[in-house]
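Undergrad: Residue numbers (full-length UniProt numbering), protein chains in the order written: chain A, 1 to 112; chain B, 1 to 572.
Before anything else, here's the structure in question.
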Amino acid sequence: MIDVHMDPQVLAGLQEVMEGEYPRLLDTFLHDSEERVKALRTARGDTQALRQIAHSFKGSSGNLGAVRLALLCQRLEMASAGDIGGLVDQIDREFAVVRAMYEGELRRVFVG
Amino acid sequence: MSVQAPVLEALTILIAEDSAADLLLLSTIVRRQGHQVLTATNGAEAVEVFTRERPHLVLMDALMPVMDGFEAARRIKQLAGEALVPLIFLTSLRESEALAQCLDAGGDDFLAKPYNPVILAAKINAMDRLRRLQATVLQQRDLIAKHHEYLLHEQRVAKAVFDKVAHSGCINAAPNIRYLQSPYALFNGDLLLAAYTPSGDMHVLLGDFTGHGLPAAVGAMPLAEVFYGMTAKGYGLAQTLREMNAKLKRILPADMFCCATLLCLSTQRRAVEVWNGGMPEGYVHEVATGKRTPLMSRHLPLGVLSAEQFDDRTEVWPVALGDRVFLLSDGVLDTADANEQLFGAERLLQVFAANREPDRLFEDIEQALAAFRGQVRDDISMVEITLQAGQSLRATGPLYADSGQSCPLDWSVSFEFRADTLKRYDPLPYLLQLLLEIHGLREQSGALYSVMAELYSNALEHGVLGLDSRLKRDAEGFAQYYRLRNERLTHLDTGFVRVHVQVVPTDTGGTLSLRVEDSGQGFDVERVLARPPDIDRLSGRGLSLVRQLSSAVGWSDGGRSVCVEFCWKALA
């Protein structure tokens with residue numbers, strides 16, 4: 001489970017719930033996440049701000065089935081000051097993977 | 001995944017969530033479930049939208065910028081007031097401390113991320129049921145409060161009306177009556193009435209209707225009407241009782257009746273006449289000897305028996321000036337202590353015995369009740385009437401409203417009342433009404449009634465029934481006198497009382513001659529009139545009263561016929 005970048009079961013459930021809105025949900029998630037990754041980088045020195053962003057990011061990535069990304073955010077939320085830098089970098093990299101996969105999912109939906 | 005859980009009714013739901021993806025997801029789920037969605041992306045905005053739109057339910061993310069979910073929840077709960085606006089926290093928090101914080105802020109439930117639409121729908125429905133329950137409870141509470149207020153208002157109005165009726169007599173004005181009645185005793189069915197007869201006697205009624213509340217009080221109105229109407233017209237206790245019984249029997253349902261003590265206290269005759277149907281014993285307190293004579297219940301309450309079965313027999317006791325008659329309601333005797341023990345007549349008599357200041361008797365009884373029970377009851381009635389000298393004779397003026405233009409001034413009429421009528425009919429009220437057609441006499445109605453009453457009872461008791469007034473010299477003889485009177489009247493089959501009325505106009509006004517004849521043995525007029533007038537003796541007051549109140553008195557036919565005159569001046 002820990003290596004799951006994108007849980008297809010969660011996405012199947014979301015597609016059923018969202019119907020026509022499904023692509024917009026994925027798109028919103030990608031945009032929102034991009035903002036959060038940027039914010040994490042900017043806030044590197046501010047532990048309090050980092051934790052809050054991580055908490056919120058954990059919630060939305062969990063909802064969207066980005067299991068590993070959610071897990072990393074949870075770790076960052078709990079991390080001691082020394083581990084923060086490494087975790088932010090890991091989240092950065094994981095999001096690059098997640099973005100590629102969700103964009104792929106978007107194309108799949110549009111192509112049918 | 002099925003998300004279409006049955007929806008009771010479309011709700012308006014506010015979703016406050018700072019994550020755009022989560023907000024979109026949740027809004028879509030909730031909308032798909034049939035509800036209308038309002039959104040906010042931080043706590044401050046959530047409070048603002050809530051204030052404006054008053055949604056039924058709120059889904060609130062805990063951690064949000066600008067104002068977090070906890071603070072927003074507190075404000076929204078405050079704005080909602082008594083109404084339940086369920087608030088479900090959206091949270092990926094896991095620590096129990098953080099969850100407790102949600103509850104402290106007024107949260108009603110949690111929804112954990114990632115969202116499960118089925119659980120969300122179930123929670124929304126459960127919360128909606130709670131919300132409706134609370135709304136129903138509030139609505140019913142308000143309704144009950146409204147009904148209660150309405151009921152209190154009705155009781156206040158009813159009490160004001162009843163107070164007017166019940167206190168339209170002399171209960172508050174008479175200097176010789178003391179009474180204590182709890183403010184809402186009427187709504188426990190207690191009724192206390194007092195009024196003067198035309199001759200200055202006092203009638204007092206203490207009644208207790210069965211039941212409680214307004215139903216127990218409704219019978220008070222007709223009873224009071226009969227009491228005041230008939231007392232003012234000069235009817236005696238027997239006729240008044242018969243009328244009250246018949247009226248209550250007619251109008252009250254079968255399980256309702258009225259225990260009552262009715263008494264007539266006569267300063268002129270130094271006597272108290274009592275009828276007690278179902279009330280606790282009252283007492284006549286002879287101040288000189290300290291003796292207390294119980295006034296026992298001898299009858300069924302008013303409104304139980306038919307007119308044929310009703311027994312209007314009264315008992316008569318002698319009283320001296322300063323003697324007191326005490327009546328009480330069963331609230332006094334039935335006061336129970338913590339062990340359901342009743343206060344009872346025994347303890348009441350102990351209070352009587354211990355009482356040193358007669359004027360503090362009520363207070364002593366109240367204190368004894370309070371000490372016995374631990375608190376004061378609100379449904380007790382007590383009344384004490386003292387026999388006082390010189391109650392003035394009253395004109396019955398307010399009863400008449402005609403102008404006097406059609407007043408008859410030259411006429412005569414004769415009546416003969418025979419045995420069967422004498423047994424059951426009191427002609428005095430009728431005669432008084434007739435004579436008060438003469439306006440000039442109305443000023444003297446009290447005196448006229450007193451004289452008529454005296455002459456009629458002399459003719460009946462000493463003439464027709466052959467009773468010797470000297471029997472009434474002491475208390476024992478007094479009781480025997482009235483026993484004999486009842487006995488002889490019951491078995492009467494011959495005899496008569498005749499009343500002749502002659503009205504003639506004079507230059508200055510008019511004269512009424514009233515002649516009363518009886519079928520008895522007559523009496524030695526000169527010898528009786530020669531007796532010294534003894535005011536404080538139980539007998540012999542009648543004739544001096546007659547001589548004092550009328551213009552002229554004369555006997556003929558060996559004492560079997562007496563004639564009195566009343567004169568009046570023409571009205572200006």
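In this text, a Cβ means the ideal position worked out from N, Cα and C, and glycines have one as well.
This one's a predicted model, so the numbers in the text were calculated from it and none came from an experiment.
What residue range is occupied by the uninterrupted alpha helix (DSSP H) comprising residue 113 of chain A?
TA: Because residue 113 of chain A is not part of the residues shown, which for chain A are 1 to 112, the question remains open.
Undergrad: Scan the stretch 194–262 of chain B and note each continuous beta strand (DSSP E) run of 3 residues or more that stays entirely inside, going in chain order.
TA: Counting whole runs of 3 or more residues, the stretch 194–262 of chain B contains the beta strand (DSSP E) stretches 202–209.
Undergrad: Interface residues of chain A around residue 584 of chain B at Cβ under 7 Å?
TA: Only positions 1 to 572 of chain B appear in the structure, and residue 584 of chain B is not among them; the question remains open.
Undergrad: Name the two residues that bound the continuous beta strand (DSSP E) containing L512 of chain B.
TA: Start and end: 509–518.
Undergrad: Please tell me whether A20 of chain B has its Cβ less than 8 Å away from any Cβ of chain A.
TA: At least one chain A Cβ lies under 8 Å of A20 of chain B.
Undergrad: Can you tell me whether T490 of chain B is helix, strand or coil according to DSSP?
TA: Three-state DSSP puts T490 of chain B in a helix.
Undergrad: Can you tell me where the alpha helix (DSSP H) holding E53 of chain B begins and where it ends?
TA: Taken as a continuous stretch (DSSP letters only), the alpha helix (DSSP H) holding E53 of chain B covers 43–53.
Undergrad: The alpha helix (DSSP H) spanning A21 of chain B covers which residue range?
TA: Unbroken alpha helix (DSSP H) run through A21 of chain B: 20–32.
Undergrad: Among residues of its own chain, excluding the 5 on either side of G397 of chain B, which ones have a beta-carbon nearer than 7 Å to its beta-carbon?
TA: For G397 of chain B, the predicted model reports a pLDDT of 44, less than 50, meaning its position is unreliable; a value from the coordinates is still stated below. R442, listed in sequence order.
Undergrad: Three or more C-beta pairs under 8 Å: does that hold for the stretch 354–369 of chain B against the stretch 142–162 of chain B?
TA: No, they do not touch.
Undergrad: Measure the alpha-carbon distance for N172 of chain B versus G559 of chain B and round it to whole angstroms.
TA: Cα to Cα, the separation comes out at about 43 Å.
Undergrad: Go ahead and pull the three-state DSSP assignment for A354 of chain B.
TA: Note: A354 of chain B maps to helix in three-state DSSP.
Undergrad: Between T314 of chain B and the rest of its own chain, which residues show a CB-CB distance below 7 Å, the 5 nearest in sequence each way excluded?
TA: The answer, listed in chain order, is L237, A238, E273, V274, W275.
Undergrad: Could one say the Cβ of D89 of chain A lies closer than 8 Å to chain B's Cβ atoms, at least one of them?
TA: Judged by the 8 Å Cβ criterion, D89 of chain A is not in contact with chain B.
Undergrad: Have a look at B:H147, B:L265, B:Y456 and flag the residue whose alpha-carbon is nearest the alpha-carbon of L514 of chain B.
TA: Comparing Cα-Cα distances from L514 of chain B to each of B:H147, B:L265, B:Y456, the minimum goes to B:Y456.
Undergrad: Spatial neighbours of H500 of chain B within its chain, please: C-beta separation below 6 Å, excluding the five flanking residues on both sides.
TA: Excluding positions up to five away in sequence, the list reads S414, R515.
Undergrad: With DSSP collapsed to three states, give me the class of K113 of chain B.
TA: Looking at K113 of chain B - three-state DSSP - the assignment turns out to be coil, as it is neither helix nor strand.
Undergrad: Is it true that the CB of V287 of chain B sits closer than 8 Å to the CB of R324 of chain B?
TA: For R324 of chain B and V287 of chain B, yes; Cβs fall inside 8 Å.
Undergrad: Distance cutoff 8 Å, beta carbons only. Does P86 of chain B sit that close to anything in chain A?
TA: Chain A contact via Cβ: absent.
Undergrad: For R93 of chain A, which of A:G45, A:C73, A:E105 has the nearest alpha-carbon?
TA: Selected option, being the one with the closest Cα: A:C73.
Undergrad: Please check if any C-beta of chain B sits within less than 8 Å of the C-beta of R24 of chain A.
TA: Yes, R24 of chain A lies at the interface with chain B (some Cβ there is under 8 Å from its Cβ).
Undergrad: Using a Cβ-Cβ cut-off of less than 7 Å, give me the residues of the stretch 108–125 of chain B that come near chain A, in sequence order.
TA: Result list: K113, P114, Y115, P117.
Undergrad: What's the C-alpha gap between Q48 of chain A and S33 of chain A?
TA: Cα to Cα, the separation comes out at about 19 Å.
Undergrad: Which residue comes first and which comes last in the alpha helix (DSSP H) that contains C170 of chain B?
TA: No alpha helix (DSSP H) contains C170 of chain B, which DSSP labels as neither H nor E.
Undergrad: Is residue 579 of chain B close to chain A? Criterion is C-beta to C-beta, closer than 8 Å.
TA: Since the first and last residues shown for chain B are 1 and 572, residue 579 of chain B lies out of range.
Undergrad: Rounded to the nearest angstrom, what separates D46 of chain A and T28 of chain A at their Cα positions?
TA: About 26 Å.
Undergrad: If you measure from the beta carbon of L63 of chain B to each beta carbon in chain A, is any gap under 8 Å?
TA: Yes, L63 of chain B counts as interfacial toward chain A.
Undergrad: Can you say whether H31 of chain A is buried or exposed, counting buried as having 16 or more other CB atoms within 10 angstroms of its CB?
TA: H31 of chain A comes out exposed.
Undergrad: Give me the DSSP bridge partner(s) of residue 608 of chain B.
TA: Lying before the first or after the last residue shown, residue 608 of chain B is absent from chain B, which here runs from 1 to 572.
Undergrad: At what residues does the alpha helix (DSSP H) containing E565 of chain B begin and finish?
TA: First-last for E565 of chain B: 561–569, but that is the beta strand (DSSP E), not the alpha helix (DSSP H).
Undergrad: So what's D190 of chain B in DSSP terms, helix, strand or just coil?
TA: Three-state result, D190 of chain B: strand.
Undergrad: Does L99 of chain B get closer than 8 Å to chain A when you measure Cβ to Cβ?
TA: Cβ-Cβ to chain A under 8 Å: no for L99 of chain B.
Undergrad: Would V37 of chain B pass as a contact of I13 of chain B if the rule is Cβ separation under 8 Å?
TA: In contact: V37 of chain B and I13 of chain B (Cβ atoms closer than 8 Å).
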